[in-house]
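In UniProt numbering, the protein residues as written are 43 to 361. Think of the CB as a built atom: it goes at the ideal place given N, C-alpha and C, for glycine as much as any other residue. These numbers were taken from a predicted model, which means no experiment stands behind them. Have a look at the structure below before the remarks.
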Ligand code: 13P
Ligand code: SF4
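Okay, structure coming up:
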């Protein structure tokens, strides 16, 4: 514990010395979220992380999250140094949608508008017309529908299912998935609901559609967080990464939260839903990346310029 306190103090000093800010996602370790809050950084969903980084006056952004979040920060702030504790922290959606294969896929449908989830590489965003996050995907697809556009959607198939159901349009779809949310199971969720009949069910739309169908609230991490804070209910079953419990419990300390089951054997939170790539962020590698200037994000300028168009379109739309 003493060692941790010293490590945190060292990080705080390094942040000051480098005029740096922490930008953390809700899924990283509690202590990283707390440190971001204490030091004037932010803990947020992927949309807010992008906005915060773009508006920050810091010289350096240290992104505690996964690779696409660091890349988004760099795309919006090329003049800033953007570091990550571990550059290998990626995302199954990003890995499952390689830019060359995606370009070939899109080439089959030349008159389609290409909409990609933020959980993709800069190269994939450079191919796209629009970037979306779970926080604005529905509004943006509805907007495109009103304009009569035909849409290619990538890469998350479950989020795609949800969007299609909500908007009533059919999209040409890439079939990716999030390895964390894909694991939520309906049978076990029904059983947990029976055990806690008063609990409201909160589901991130990266979950399978049968799980989404059982939800009282579907939405981005931010939406789920707001639900716990603002709904009068006292108990919630949460189908998203366990990391979000830190913020949920902070905003509503007296409320009871249960993590949605990821399989018949999984009932305790030792093996509950938690992203292995988010878990690669820790205090030590956070300290090291600032101290040694490792884990720096670089994006080739022509890619950045192209990707920025689709990314900026999203941010302008959501403003
Ligand atoms: P949010 O956009 O809700 O933050 O979720 C994206 C995600 O899955 C990050 O891993
Ligand atoms: Fe990607 Fe899923 Fe991890 Fe989010 S939780 S970073 S979508 S693998």
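Nearest-angstrom beta carbon gap, residue 136 and residue 94 [assumed within contact, 8 Å]: The residue labelled residue 94 in the question sits at position 52 within the chain shown. The residue labelled residue 136 in the question sits at position 94 within the chain shown. About 21 Å separates the two Cβ atoms, so there is no contact after all.
Output needed for residue 212: all residues of its chain with C-beta closer than 7 Å, excluding positions within five of it in sequence on either side, in chain order. By one-based count along the chain shown, residue 212 stands at place 170. Here the set comprises 206.
Roughly how many whole angstroms lie between the Cα atoms of residue 268 and residue 149? Here residue 268 refers to the residue found at position 226 of the chain shown. Here residue 149 refers to the residue found at position 107 of the chain shown. Going by the C-alpha atoms only, they are around 40 Å apart.
Cβ-heavy atom distance, residue 304 to the ligand 13P, below 6 Å: On the chain shown, residue 304 is found 262 positions in, with the first residue counted as 1. Residue 304 Cβ: outside cutoff for every heavy atom of the ligand 13P.
Comparing C-alpha positions only, which one of 329, 224 and 60 sits nearest to residue 101? Reading the chain shown from its first residue, position 59 is the one you call residue 101. It is 60.
Along the chain, where does the alpha helix (DSSP H) that runs through residue 91 open and close? In the chain shown, residue 91 corresponds to position 49, counting from 1. Here the alpha helix (DSSP H) through residue 91 covers 88–97.
Residue 119 classed as buried or exposed, judged by whether at least 16 other C-beta atoms fall within 10 angstroms: By one-based count along the chain shown, residue 119 stands at place 77. Here residue 119 is buried: its Cβ has 16 or more other Cβ atoms, across all protein chains shown, within 10 Å.
To which residues of the same chain is residue 246 closer than 6 Å at the C-beta, ignoring the five residues directly before and after it? Counting from 1 along the chain shown, the entry for residue 246 is found at position 204. Sequence-distant Cβ neighbours of residue 246 in its own chain, meaning closer than 6 Å and more than five residues away, are 223 and 282.
Does the ligand SF4 have a heavy atom nearer than 6 Å to the CB of residue 133? Counted from its first residue, the chain shown places residue 133 at position 91. In this structure, the ligand SF4 has a non-hydrogen atom nearer than 6 Å to the beta-carbon of residue 133.
Quick check on residue 47: buried or exposed, where buried means 16 or more other Cβ atoms within 10 Å of its Cβ? Taking the first residue of the chain shown as 1, we reach residue 47 at position 5. So residue 47 counts as exposed.
Using the beta-carbon count (16 or more within 10 Å), is residue 323 buried or exposed? What you label residue 323 is simply residue 281 of the chain shown in a count that begins at 1. By the 10 Å Cβ count, residue 323 comes out buried.
Just the Cα atoms here: how many angstroms apart are residue 81 and residue 332? For the purposes of this step, residue 81 is identified with residue 39 of the chain shown, where counting begins at 1. For the purposes of this step, residue 332 is identified with residue 290 of the chain shown, where counting begins at 1. Residue 81 and residue 332: Cα-Cα distance of roughly 15 Å.
Enumerated in chain order, which unbroken segments of the beta strand (DSSP E) with a length of 3 residues or greater are wholly contained in the stretch 68–142? 84–86, 102–106 and 123–125
Please write down, chain order preserved, every residue whose beta carbon lies under 5 Å from a heavy atom of the ligand 13P. 87, 88, 175, 176, 262 and 263
In whole angstroms, what is the alpha-carbon distance linking residue 114 and residue 338? Numbered from its first residue, the chain shown carries residue 114 at position 72. Numbered from its first residue, the chain shown carries residue 338 at position 296. Computed Cα separation, rounded: 13 Å.
Please determine, among 106, 98, 166 and 159, the residue with the shortest C-alpha to C-alpha distance to residue 346. The residue labelled residue 346 in the question sits at position 304 within the chain shown. When only C-alpha atoms are compared, the closest one is 166.
What's the C-alpha gap between residue 319 and residue 160? The sequence position of residue 319 within the chain shown is 277, counting from 1. The sequence position of residue 160 within the chain shown is 118, counting from 1. If I take the Cα positions, the gap works out to 16 Å.
Could you check whether the Cβ of residue 222 sits closer than 6 Å to any heavy atom belonging to the ligand SF4? Taking the first residue of the chain shown as 1, we reach residue 222 at position 180. Yes - the ligand SF4 has a heavy atom lying nearer than 6 Å to the Cβ of residue 222.
Does the Cβ of residue 216 lie closer than 6 Å to at least one heavy atom of the ligand SF4? Taking the chain shown and counting its residues from 1, the one referred to as residue 216 is at position 174. It does not: the Cβ of residue 216 is nowhere closer than 6 Å to a heavy atom of the ligand SF4.
Indicate, with yes or no, if the ligand SF4 has a heavy atom lying under 6 Å from the CB of residue 161. Here residue 161 refers to the residue found at position 119 of the chain shown. Remark: the C-beta of residue 161 is in contact range of the ligand SF4, defined as less than 6 Å to any heavy atom.
For a test of the three-state rule: what should DSSP assign to residue 198, helix, strand or coil? The residue labelled residue 198 in the question sits at position 156 within the chain shown. DSSP places residue 198 in strand when its eight states are reduced to three.
Taking the beta carbon of residue 229 as the centre, do at least 16 other beta carbons fall within 10 Å, making it buried, or is it exposed? Within the chain shown, residue 229 is the residue found at index 187, counting from 1. Looking at its Cβ environment, which holds fewer than 16 other Cβ atoms inside 10 Å, residue 229 is exposed.
If residue 226 and residue 249 are in contact, beta carbons under 8 Å, what's the gap, nearest whole angstrom? Your numbering for residue 226 matches position 184 in the chain shown. Your numbering for residue 249 matches position 207 in the chain shown. Yes, residue 226 and residue 249 are in contact; Cβ-Cβ is about 5 Å, under 8 Å.
Alpha carbon to alpha carbon, what distance is there between residue 76 and residue 192? On the chain shown, position 150 is the one that residue 192 refers to. On the chain shown, position 34 is the one that residue 76 refers to. Cα-Cα distance, rounded: 43 Å.
Starting from residue 278 and walking both ways along the beta strand (DSSP E), at which residues does that stretch end? For this step, residue 278 is matched to residue 236 along the chain shown. Looking at the DSSP string, the run of the beta strand (DSSP E) that includes residue 278 is 277–281.
Beta-bridge pairing of residue 324 - partner residues as DSSP gives them: Numbered from 1 along the chain shown, position 282 holds the residue referred to as residue 324. BP columns for residue 324 are empty, so no partner.
Consult DSSP for residue 59 and reduce its assignment to one of helix, strand or coil. In the chain shown, residue 59 corresponds to position 17, counting from 1. Note: residue 59 maps to helix in three-state DSSP.
Rounded C-alpha distance that separates residue 274 from residue 344: Residue 274 sits at position 232 when you count from the first residue of the chain shown. Residue 344 sits at position 302 when you count from the first residue of the chain shown. So the alpha carbons of these two residues sit roughly 50 Å apart.
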